[in-house]
Amino acid sequence: MQKLKEEVGRLLASRTSLEPAEVIQLLEIPPEPTYGDLAFPCFALAKSRKKAPPLIAKELSEELGGEEGLLWEKAVSRGPYLNFFIAPRAFGREVLQEVWDKGDKYGHADIGRGGNVPIDYSSPNIAKPFGVGHIRSTVIGHSLSLIYSALGYNTIGINHLGDWGTQFGKLIVSYKRWGDDSELKEDPVNYLYKLYVQFHKLVEEDPALDDEARYWFRKLENGDEEAVDYWNRFRQLSLDNYELIYNMLGIEFDYYHGESHYNQMLEEVIKLVQEKGIATESEGALMIDLEPYGLPSVMLRKKDGATLYITRDLAAAIYRYKTFNFALSLYVVGAEQTLHFQQLFKVLELLGFEWSSRCVHVPFGLIRFKEGRMSTRAGKIILLEEVLKRSIDMAREIIEEKNPDLPDKESAARAVGLGAVRFGDLSNDRIKNIEFDWEKALDFSGETAAYIQYAHARIFSILRKAGTEYTRWDDSAASLLIKEEEVTLIKTLALLPDKILASAENYRPSILARYLIDVAREFNRFYHNCPVLSSEDELKHGRLLLVNATRQVIANGLALLGIIAPEEM
RNA sequence: GCGCCCGUGGUGAAAGGGAUAUCACGCAGGCCUCCGGAGCCUGAAGUCGGGGUUCGAAUCCCUGCGGGCGCACCA
């Protein structure tokens, strides 16, 4: 597709006042394939030519006459658009060859040139169980890190654990008062969670508990041995539990730099802020006035001397810049923290860090129950681990029913079950709130990962039967594909590089996810209309090249979503 | 009170200011002597209301309504 765009870009640049790059920018895909395959909208020329766009389109098409290019065969005007029709044989050969040559790297690019991109994602709060709510940050962040890596960036996954803060005071108080060693050993995270929920229930009757919790958190900040011991224990037990889920999802972080990691840098940050003269004392607390910028002011240090979330985030941002000299720094964190990040980035700017503009908050909507928001405090939560396990169970049942002879049912069930959950989250626009629904979470029909995986498995089935006879490149075979379903599929395959790029630029893996649905759909149409194995020699070879290219596109795409493409299911 | 986000067929979603608004679930019907029917084909049904900007608005602006989120001692 890029080659076609470049060709059209050069062609139109030579006939208009525009540069090739400008033309390429303007090119779009027509809404209806019968209009053409690549459209040049003539609105941009209306001013300089002082003519109506439809007239310009008409003139351009007449100028081109019956001309044809390498990859296109005709150009016709339709309203204000000049529409190019691809030359199916040349275009098909071109696309298939590119996929063939690039293989696993088809769709990848090197726009990043090795620049560092730290991505802050997942970041659960210690001592709270890993709920479905955490899946969003986890899978969106993971997918973005895979996508940016494919574009030549050096991504750095950072799990910014919530391992510091007043909740530890609460936990210590609870554990000291009511804690039970054997219960803790048996099921650490759930037990800690139980204590946490209980604390919030009891605090309603006894508000003094809150003071006690703050007191213990201050002790922790001051390095009190007893407090630190508790903290270490709670933290490690939680980490062991998260490990399980990350293993299931195939996620590895480069760093587990939780909030506690920045403790020794906080003094320095506060000193810096004071030196810059942007901080003020107010009722014993240290504040930065952001009113002039239309934002609520922030507090860096409480009157009791304890620091806050934003103080640590400030330290973390500066640390990341010093350590990684990043090209881009992403924060995959819920939309409810949008204001916090606006404040954070503004403070960085006020500190004179030009790189503050390279910090990006990637927000997403929250997951809700029908009855309302999930609340960890109230104890209303669904564990992610449970969702994943049930999804795998469901997939196993379906495999048992539809494909009982499958040799390795377990890995297929994992691929499909885990894929369904991930895809369910990745395929929708991240900014919208999601209502959690077991039925939808465990759905394998329609626009789901299973649909894409099924196409992939079918392809493998065909390729297995075809044997090795056709596993070589052949120019003339690749030029034979001119049936409608073949051409449409080829055109779809040609879009992968654009889609990966758009996913990165918009921080939206959903663009790639939806595209893969299109690929699978076009493949299924092709499959139902164009027999492969029973075709005669050269056409069979050509179709096998197309089938193989489709396999490659699906595999490359799913890989960037962190979803396994099974050979059988 | 102030600020931010979201309103698209019955339901869930897509649509870089552009052409006749695209899918899926569900519903009604059809397709396996044929490469895997977790599939394919056909059909009914939609841009929250009102103003504006523009040659052109689901998209941008204003306003109303509905829903969500946030706003100095939580994270």
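Residues in the first sequence are numbered consecutively from 448, following the numbering used here.
C-beta: ideal position from N, C-alpha, C; glycine also.
Within the model, the alpha-carbon separation for residue 776 versus residue 714 is close to 23 Å. For residue 975, the enclosing alpha helix (DSSP H) starts and ends at 956-976.
Around residue 662, the same chain offers no residue with a beta carbon nearer than 6 Å, after the five sequence neighbours per side are excluded.
Per DSSP, residue 787 lies in no beta strand (DSSP E) segment; the continuous alpha helix (DSSP H) that holds it begins and ends at 785-797.
In this structure, residue 579 places its C-beta atom within 8 Å of the C-beta atom of residue 814. If you draw a straight line from the Cα of residue 998 to the Cα of residue 903, it comes to about 6 Å.
Counted as a single uninterrupted DSSP element, the beta strand (DSSP E) harbouring residue 778 occupies residues 776-779.
According to the DSSP assignment, residue 602 belongs to the beta strand (DSSP E) that extends over 601-605. Around the C-beta of residue 811, 16 or more other C-beta atoms lie within 10 Å, and the residue is accordingly described as buried. DSSP places residue 729 in the uninterrupted beta strand (DSSP E) bounded by 726-729.
In the structure shown, the three-state DSSP call for residue 527 is coil. Annotation for residue 979: 909, 987, 990, 991, 994 place their beta carbon closer than 7 Å to its own, counting only its chain and skipping 5 residues before and after.
The C-alpha of residue 454 lies about 19 Å from the C-alpha of residue 926. Where residue 841 is concerned, the enclosing alpha helix (DSSP H) starts and stops at 831-849.
With contact defined as three or more Cβ pairs closer than 8 Å, the segment 617-625 and the segment 601-608 are not in contact. Taking the Cα of residue 790 as reference, the smallest distance to any Cα among 746, 527, 940 is reached at 746. For residue 717, the enclosing alpha helix (DSSP H) begins and ends at 713-722.
The shortest C-alpha to C-alpha distance from residue 560 to any of 466, 953, 774 is the one to 774. Excluding its 5 nearest sequence neighbours in each direction, residue 965 has C-beta neighbours in its own chain below 7 Å: 939, listed in chain order. Membership of residue 1003 in the alpha helix (DSSP H) is indicated by the continuous run 984-1008. Taking each of 476, 558, 591 in turn and checking the Cα distance to residue 873, the smallest one comes out for 591. Looking at the DSSP output, residue 808 shares a beta bridge with 778.
The alpha-carbon of residue 887 is positioned some 11 Å away from that of residue 881. Following the DSSP letters along the chain, one finds residue 567 inside the beta strand (DSSP E) bounded by residues 563-567. DSSP links residue 522 through a beta bridge to 531.
Rounded to whole angstroms, the gap between the alpha carbons of residue 983 and residue 970 is 20 Å.
In the DSSP annotation of this structure, the continuous segment of the alpha helix (DSSP H) that includes residue 873 starts and ends at 856-873.
Selection 798, 1016, 529 evaluated against residue 843 yields 1016 as nearest (Cα-Cα). Residue state for residue 486 is assigned as strand, using DSSP reduced to three classes. With a cut-off of 8 Å on Cβ pairs, the segment 520-539 is in contact with the segment 920-935, counting three or more such pairs. Taking all protein chains shown into account, residue 831 has 16 or more neighbouring C-beta atoms within 10 Å of its C-beta and is therefore buried. Taking the Cα positions, residue 739 is about 29 Å away from residue 709. DSSP places residue 907 inside the alpha helix (DSSP H), whose first and last residues are 896-913.
When Cβ pairs closer than 8 Å are counted between the two stretches, the segment 750-769 is seen to touch the segment 781-797, the count reaching three or more.
With respect to the 8 Å criterion, residue 835 and residue 786 are not classified as neighbours on the basis of their beta carbons. Look at the beta carbons and you see the segment 723-736 not touching the segment 697-707: under three pairs across the two are nearer than 8 Å.
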